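The block underneath contains the structure these notes are about, expressed in structure tokens.
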Amino acid sequence: KLLNDSNPSLEPMDGYQNVTLKNRRFNSLSKIIGGSVAPLGRYPYIVYFSPFKGCAGSLIHPQVVLTAAHCFYQQFSAQSVFIGRHTQGYINEGDKFENIEVE
1 KLLNDSNPSL EPMDGYQNVT LKNRRFNSLS KIIGGSVAPL GRYPYIVYFS PFKGCAGSLI
61 HPQVVLTAAH CFYQQFSAQS VFIGRHTQGY INEGDKFENI EVE
């Protein structure tokens, strides 16, 4: 349940930018709540679109990525697409790069 600071009665907030869960306050840009770090290479089919934070996809065919429509509502303008990347912020050992055309 989502709470705001002024209304602790378990009523949903109108917006979800800042929420309090179990007396802990989070910003919508915070990391995943209650998650844990996945082992390196555990999910090689996960796709990250840079520079879009919060949008990801799954490689469902060697040439097809499934993602949410809102990630590219206006147009596809990602500068980079990373498949199987473990960490968004930096390069991990074993990461490989290839330039490909995206349609």
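In terms of full-length UniProt numbering, the sequence shown opens at residue 1 and continues consecutively. Even for Gly, the Cβ is constructed at its ideal location relative to N, Cα and C. Computed from a predicted model, the values in this text were never measured in an experiment.
Item: Taking C-alpha atoms, which residue in 62, 96, 87 lies nearest to residue 39?; Value: 87
Item: Can you tell me the Cα-Cα spacing of residue 59 and residue 66, whole angstroms?; Value: 6 angstroms
Item: Using the Cα positions of residue 48 and residue 36, report the straight-line distance between them to the nearest angstrom.; Value: 18 angstroms
Item: Looking at the unbroken beta strand (DSSP E) that takes in residue 81, where does it start and where does it end?; Value: 80–83
Item: Report the rounded CA-to-CA distance for residue 56 versus residue 63, giving the unit in angstroms.; Value: 16 angstroms
Item: Pick helix, strand or coil for residue 56, following the three-state DSSP scheme.; Value: strand
Item: Please look up how many angstroms separate the CB atoms of residue 82 and residue 50, rounded, as I've assumed it's under 8 angstroms.; Value: 7 angstroms
Item: Please report the residue range of the beta strand (DSSP E) in which residue 46 lies.; Value: 46–50
Item: For residue 61, does the three-state DSSP call read helix, strand or coil?; Value: strand
Item: Whole angstroms are fine: how far does the CA of residue 84 sit from the CA of residue 54?; Value: 16 angstroms
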